[in-house]
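Enquirer: So that we are looking at the same thing, I have put the structure below in structure tokens.
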Amino acid sequence: MINDNNQLLYNINNLHQIYNGRTILNINHLSIYKQEILAIVGPNGAGKSTLLRILNFLEAAHNGQIYFDGESIEKTPSIHTIRKVAMMFQNPQLLNKSVRSNIEYGLKLRGKRSNELVLQETLKNVGLNQYAQNKVSSLSGGELQRVAIARTLILNTKALLLDEPTSNLDPYNTDLIEQLIRTHHKLHKSTIVLVTHNLHQARRLAHRCALLLDGNLIEISSTKDFFEKPNDKRVSEFIHGKIIY
Amino acid sequence: MTLFKLTRIIRTSIYCIGIILLGCQRNADPNNTLTLATTTSTENSGLLDHILPDFEQNFDSKIEVIAVGTGQAIALGKSGNADVLLVHAPDLENTFVNQGYGTKRYQVMYNDFIIVGPKSDPASIRGIKDASRAMTKIYKQNAPWASRGDESGTHMKENYLWSQVNITPKSADNWYYSLGQGMGATLQFANETDSYTLTDRATYLMQADILPYLTIMVGGDHIRNNLDQNLYNLYSIIPINPNKHQYINHDLALQFTNWFTSTNTQTHIANFGKEKLGQPIFYTFVR
Amino acid sequence: MPNSLTESISLILSLDKDLIDITLLTLRITLSSLTLSIIIGLPIGTLLGLSRHIPARGFIMAFLYTGMGLPPVVVGLVVFILLSRSGPMGHLEWLFSPNAMILAQTIIALPIIVGLTMASTGSTHPSLPQQVTSLGATKLQTAITILSESKYGLLAAIAATYGRIVAEVGAVLLVGGNIETKTRVLTTAIVLETRKGAFGFALGLGLILLTITFVANIILLRFGNWNNDQR
Chain X
6 MINDNNQLLY NINNLHQIYN GRTILNINHL SIYKQEILAI VGPNGAGKST
56 LLRILNFLEA AHNGQIYFDG ESIEKTPSIH TIRKVAMMFQ NPQLLNKSVR
106 SNIEYGLKLR GKRSNELVLQ ETLKNVGLNQ YAQNKVSSLS GGELQRVAIA
156 RTLILNTKAL LLDEPTSNLD PYNTDLIEQL IRTHHKLHKS TIVLVTHNLH
206 QARRLAHRCA LLLDGNLIEI SSTKDFFEKP NDKRVSEFIH GKIIY
Chain A
1335 MTLFKLTRII RTSIYCIGII LLGCQRNADP NNTLTLATTT STENSGLLDH
1385 ILPDFEQNFD SKIEVIAVGT GQAIALGKSG NADVLLVHAP DLENTFVNQG
1435 YGTKRYQVMY NDFIIVGPKS DPASIRGIKD ASRAMTKIYK QNAPWASRGD
1485 ESGTHMKENY LWSQVNITPK SADNWYYSLG QGMGATLQFA NETDSYTLTD
1535 RATYLMQADI LPYLTIMVGG DHIRNNLDQN LYNLYSIIPI NPNKHQYINH
1585 DLALQFTNWF TSTNTQTHIA NFGKEKLGQP IFYTFVR
Chain H
27 MPNSLTESIS LILSLDKDLI DITLLTLRIT LSSLTLSIII GLPIGTLLGL
77 SRHIPARGFI MAFLYTGMGL PPVVVGLVVF ILLSRSGPMG HLEWLFSPNA
127 MILAQTIIAL PIIVGLTMAS TGSTHPSLPQ QVTSLGATKL QTAITILSES
177 KYGLLAAIAA TYGRIVAEVG AVLLVGGNIE TKTRVLTTAI VLETRKGAFG
227 FALGLGLILL TITFVANIIL LRFGNWNNDQ R
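Chains as they are written, first to last, in the working numbering: chain X, 6 to 250; chain A, 1335 to 1621; chain H, 27 to 257.
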């Protein structure tokens, strides 16, 4: 068990989440390995965002055991544990400040002085180095999304949770953000959980893919197997657009 | 902007203007309205409510009463915002008439002032006959003193009493409280803070049951036991000079003066309050 | 009336001692009340604004909105009864003192601060607290961030509250007693001087009162802009 756990960042058993008597999540077992990119796909309302919030300890599960980084997670873990994870929300809310202030926000929370080199590098990577001092209210949708991912990536957390990071973006911005994710993973080897509706994106980025349906984990397997020879019929139905909700 | 919005804005504006105009509406017939500026003591005593309906009926008119301190009532007279005054500060009244703001001064009734204070009587003035002498003791003891401080007739009287013994209290003194408020509020202040104060007997008697910590120090329990001439409180009526301002209703002011000094009204005044307090609130000159 | 205006302006320009004393006392009392109500009201308002699921939230809101419209004279009356020597807090001997005025004005200001803080922090995006936590904010840091994000609403709230208490006359008159050099403030002095017919002095006081609210609003707006443009 212990040896196995060394490979795992998350080890989750019997996870249930219930809102107002309605079961949102019902996952018997889910392991997330260190350094992997895991894509979670599934129709709207499958429980993907809820799962991410639980992985970020922003909400406590109704019941279940969660081991994270060798630690058993209680209802509200310490800020130290929460800070090992960072999430980019589906609709990122930026602060009414400059681009630069938004990007270094998380570092400031941690009491870290932002390394000017890293900051400039990050600004350059997201193509906003000329706009560092601009208020975010003057940015376009794609630029906002880039600021949002930059403020999350710069924290260099063990786990990175991305909730539809490219939804509503044009191909240019989508590609740019995928590049950012790829580069970041190459450099820092962090664990990335990616929720996406874009199956091509899942295929391009992820090592493993999982299908969530009605709060149930239907299948989790390597990206190759997931798309080419899934075990469960529903996976192939989903990837061919035949599951209608 | 759609036509609908435009009509709605216009309609709302019309309503607003209408409401504003309603607020501005003056009495239908200004010839039959008399503005009487008087002191809070007469208003608080309830005398006006008691006698004025008789005038309004007989002369088919309406009296608007503005109850303020005498100094303030006189200011209203000077600025032409009143037709007639009913006040109690003889010196100010004489100056007012001499300057031509009022046509004549008619003495119509009187009562008296008393000094009230905390039952513990820290300045030991209870029973002193002479008000100024009692106030000297208060000054020497630095016992708390509440002053109307509003240039009312009562305030003038207080200043006069201090001046008789060459004392000039300053508002910064820690024993002297210059309130700038009416008699009722000043009595309540004295009751709460164990202060002495000068009050007209009428207001004190009307409120005595809610002033449990105060009692009469100087002036006795009845005007006939008040032995200090300085404490007499004389009320006068002054019609405003119509030549000084436009819109002064002088005719009605004269009718009001005649009515007020008539035997009938004077008897009414002299009987007012007897039943409730066991003594009259105002005394008149007609027997 | 033109005479009154020139008289009032020359009183202000000559730095009339009475005018200055009344103004200083007014500032002391209103700024104390404002500070107290911010210290108490800001955390409560933020807490209410951020907890969207507390039970009886609707009831609390109704209660607050009623409190925001509290007639100052009613507050004055209640504080008077409380502090009166026969009242439950009579032993403090606060009636007719600046303390009583600060207490009354704090009571007037508190629901406005709490209500408007609740409204402006509550109008940030519902997921903002979680997003901020996800970036590593402690509960306190989250609250500070939300407050900073709602700063325009908060500044407007503070300006509105200050405007209300500095212009308020009913409560300070009842519980302060309008004692010259001790509890006389701009509004109660204006009432008195107008009644005395001293229109020039009253107008001078009125001009100062207007200036104070004007300057307060300018300061708050500048403060907001400065934060806004920070580079």
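Backbone N, C-alpha and C define an ideal beta-carbon position, used for all residues, glycine too.
Assuming the contact rule is C-beta atoms closer than 8 Å, residue 1576(A) and residue 1527(A) should be a hit. Round their C-beta distance to whole Å, please.
Expert: Reading the second sequence from its first residue, position 242 is the one you call residue 1576(A). Reading the second sequence from its first residue, position 193 is the one you call residue 1527(A). The pair is not a contact, with the Cβ atoms about 46 Å apart (cut-off 8 Å).
Enquirer: Secondary structure at residue 43(H), three-state DSSP: helix, strand or coil?
Expert: The residue labelled residue 43(H) in the question sits at position 17 within the third sequence. Here residue 43(H) sits in helix by DSSP.
Enquirer: Would you check if there are 3 or more beta carbon pairs closer than 8 Å linking the region 46–54 of chain H to the region 209–222 of chain H?
Expert: yes
Enquirer: For residue 123(X) and residue 159(X), which I take to be in contact (beta-carbon distance under 8 Å), what is that distance rounded to the nearest angstrom?
Expert: As a first step, residue 123(X) must be located in the first sequence, where it is residue number 118. As a first step, residue 159(X) must be located in the first sequence, where it is residue number 154. The Cβ separation is near 7 Å, so the contact holds.
Enquirer: Do the CB positions of residue 1486(A) and residue 1373(A) come within less than 8 Å of each other?
Expert: Residue 1486(A) sits at position 152 when you count from the first residue of the second sequence. Residue 1373(A) sits at position 39 when you count from the first residue of the second sequence. Yes.
Enquirer: Under the DSSP definition of a beta bridge, which residues are partnered with residue 1447(A)?
Expert: Position 113 of the second sequence holds residue 1447(A). The partner list for residue 1447(A) (beta bridge, DSSP) reads 1534(A).
Enquirer: Name the two residues that bound the continuous alpha helix (DSSP H) containing residue 1609(A).
Expert: One-based indexing of the second sequence puts residue 1609(A) at position 275. Note, residue 1609(A): alpha helix (DSSP H), 1608–1611.
Enquirer: Between 46(X), 182(X) and 77(X), which has its C-alpha nearest residue 219(X)'s C-alpha?
Expert: Numbered from 1 along the first sequence, position 214 holds the residue referred to as residue 219(X). Checked all of 46(X), 182(X) and 77(X); the closest Cα to residue 219(X) is 46(X).
Enquirer: Determine the burial state of residue 1612(A): buried for a count of at least 16 other Cβ atoms within 10 Å of its Cβ, exposed for fewer.
Expert: Start at 1 with the first residue of the second sequence, and residue 1612(A) comes out as number 278. Counting Cβ neighbours within 10 Å, residue 1612(A) comes out exposed, since fewer than 16 surround it.
Enquirer: Taking the DSSP output, what are the residues bridged to residue 73(X)?
Expert: If you number the first sequence from 1, residue 73(X) lands on position 68. Beta-bridge pairing links residue 73(X) to 15(X) and 76(X).
Enquirer: Which residues in chain H sit within 9 Å of residue 1512(A), going by Cβ to Cβ distance?
Expert: Your numbering for residue 1512(A) matches position 178 in the second sequence. Within chain H, the residues near residue 1512(A) are 204, 205, 206, 207, 208 and 210.
Enquirer: Compute the beta-carbon to beta-carbon distance between residue 1595(A) and residue 1440(A), rounded to the nearest angstrom, for a pair I have assumed lies under 8 Å.
Expert: Start at 1 with the first residue of the second sequence, and residue 1595(A) comes out as number 261. Start at 1 with the first residue of the second sequence, and residue 1440(A) comes out as number 106. Residue 1595(A) to residue 1440(A), Cβ: 6 Å. Contact.
Enquirer: Cβ atoms of residue 157(X) and residue 3(X): under 8 Å apart, would you say?
Expert: As shown, chain X starts at 6 and ends at 250. That puts residue 3(X) outside it, with no answer to give.
Enquirer: Just by C-beta distance, which residues in the region 125–158 of chain H are closer than 7 Å to chain X?
Expert: 151, 153, 154, 156 and 157
Enquirer: Output the boundary residues of the beta strand (DSSP E) element that contains residue 1372(A).
Expert: Here residue 1372(A) corresponds to residue number 38 of the second sequence, with the count starting at 1. Taken as a continuous stretch (DSSP letters only), the beta strand (DSSP E) holding residue 1372(A) covers 1367–1373.
Enquirer: Which two residues bound the contiguous beta strand (DSSP E) that contains residue 1549(A)?
Expert: The residue you call residue 1549(A) lines up with position 215 of the second sequence. Its beta strand (DSSP E) spans residues 1548–1552.
Enquirer: Have a look at the DSSP bridge pairing and note the partners of residue 1440(A).
Expert: As a position in the second sequence, residue 1440(A) is number 106, starting the count at 1. BP columns for residue 1440(A) point to 1571(A).
Enquirer: Output the residue ranges of the alpha helix (DSSP H) runs that lie fully inside the region 69–102 of chain H and measure 4 residues or longer, sorted by chain position.
Expert: 83–94
Enquirer: Counting only Cβ pairs nearer than 8 Å, list the residues of chain X close to residue 162(H).
Expert: Within the third sequence, the letter at position 136 stands for residue 162(H). Result: 84, 87, 88, 91, 111, 114, 115 and 160.
Enquirer: Can you find the residues in the same chain that come closer than 7 Å, C-beta to C-beta, to residue 1558(A), ignoring five residues on each side of it along the sequence?
Expert: Position 224 of the second sequence, counted from the start, is the residue given in the question as residue 1558(A). Cβ contact annotation for residue 1558(A) (same chain, cutoff 7 Å, sequence separation greater than five): none.
Enquirer: Looking at C-alpha atoms only, which residue of 1413(A), 1608(A), 1587(A) and 1533(A) is the closest neighbour of residue 220(H)?
Expert: The residue given as residue 220(H) occupies position 194 in the third sequence. Answer by Cα proximity: 1413(A).
Enquirer: Can you give me the start and stop residues for the beta strand (DSSP E) that residue 1479(A) sits inside?
Expert: Start at 1 with the first residue of the second sequence, and residue 1479(A) comes out as number 145. Residues 1479–1481.
Enquirer: Please confirm if residue 1499(A) has its CB atom under 8 Å from at least one CB of chain H.
Expert: As a working mapping, residue 1499(A) is identified with position 165 in the second sequence. Judged by the 8 Å Cβ criterion, residue 1499(A) is not in contact with chain H.
Enquirer: What separation, rounded to the nearest whole angstrom, lies between the Cα atoms of residue 103(X) and residue 172(X)?
Expert: Reading the first sequence from its first residue, position 98 is the one you call residue 103(X). Reading the first sequence from its first residue, position 167 is the one you call residue 172(X). Residue 103(X) and residue 172(X): Cα-Cα distance of roughly 24 Å.
Enquirer: Out of 1467(A), 1450(A), 1604(A) and 1606(A), point me to the one whose CA is closest to residue 1549(A)'s CA.
Expert: Taking the first residue of the second sequence as 1, we reach residue 1549(A) at position 215. The shortest Cα separation from residue 1549(A) among 1467(A), 1450(A), 1604(A) and 1606(A) belongs to 1450(A).
Enquirer: For residue 2(X), report the span of its alpha helix (DSSP H) as first-last.
Expert: Any answer about residue 2(X) is impossible in this case: the structure gives chain X only from 6 up to 250.
Enquirer: Using a C-beta cutoff of 8 Å, does residue 169(H) count as contacting chain X?
Expert: On the third sequence, position 143 is the one that residue 169(H) refers to. No, because no Cβ of chain X sits closer than 8 Å to the Cβ of residue 169(H).
Enquirer: Buried or exposed: which applies to residue 61(H), given that a residue is buried once 16 or more other Cβ atoms fall within 10 Å of its Cβ?
Expert: Taking the first residue of the third sequence as position 1, residue 61(H) is located at position 35. It is exposed - the Cβ of residue 61(H) has fewer than 16 other Cβ atoms within 10 Å.
Enquirer: If you reduce the DSSP assignment to three classes, tell me which class residue 126(X) lands in.
Expert: In the first sequence, residue 126(X) corresponds to position 121, counting from 1. In this structure, residue 126(X) counts as helix in the three-state DSSP scheme.
Enquirer: By Cβ distance below 6 Å, which residues in the same chain neighbour residue 231(H) in space, the five residues on each side in sequence not counted?
Expert: Taking the first residue of the third sequence as position 1, residue 231(H) is located at position 205. Counting only Cβ-Cβ distances below 6 Å, and skipping sequence neighbours, we find 212, 215 and 216.
Enquirer: What does DSSP give as the partner residue(s) for residue 1418(A) in the beta ladder?
Expert: In the second sequence, counting from the first residue as 1, residue 1418(A) sits at position 84. The partner list for residue 1418(A) (beta bridge, DSSP) reads 1370(A) and 1573(A).
Enquirer: Can you have a look at residue 1427(A) and say buried or exposed, based on whether 16 or more other CB atoms are within 10 angstroms of its CB?
Expert: Position 93 of the second sequence, counting from 1, holds the residue named residue 1427(A). With 16 or more other Cβ atoms within 10 Å, it is buried.
Enquirer: Within the same chain, show all residues whose beta-carbon is closer than 8 Å to that of residue 1359(A), passing over the 5 residues directly before and after it, in chain order.
Expert: The sequence position of residue 1359(A) within the second sequence is 25, counting from 1. Summary for residue 1359(A): the model assigns pLDDT 49, below 50, so the residue's position carries little reliability; its value from the coordinates is reported in the next sentence. Closer than 8 Å at the Cβ level, and outside the excluded window around residue 1359(A), lies no residue.
Enquirer: Residue 236(X) to residue 224(X), Cα distance in whole Å?
Expert: Position 231 of the first sequence, counting from 1, holds the residue named residue 236(X). Position 219 of the first sequence, counting from 1, holds the residue named residue 224(X). The straight-line gap from Cα to Cα measures roughly 7 Å.
Enquirer: At a cut of 8 Å, does the region 163–183 of chain H reach the region 94–111 of chain H through at least three beta carbon pairs?
Expert: no
Enquirer: Note down, in chain order, every chain H residue with its Cβ under 9 Å from the Cβ of residue 31(X).
Expert: Walking along the first sequence from the start, residue 31(X) turns up at place 26. Those within 9 Å of residue 31(X) in chain H number zero; the least Cβ separation is about 23 Å.
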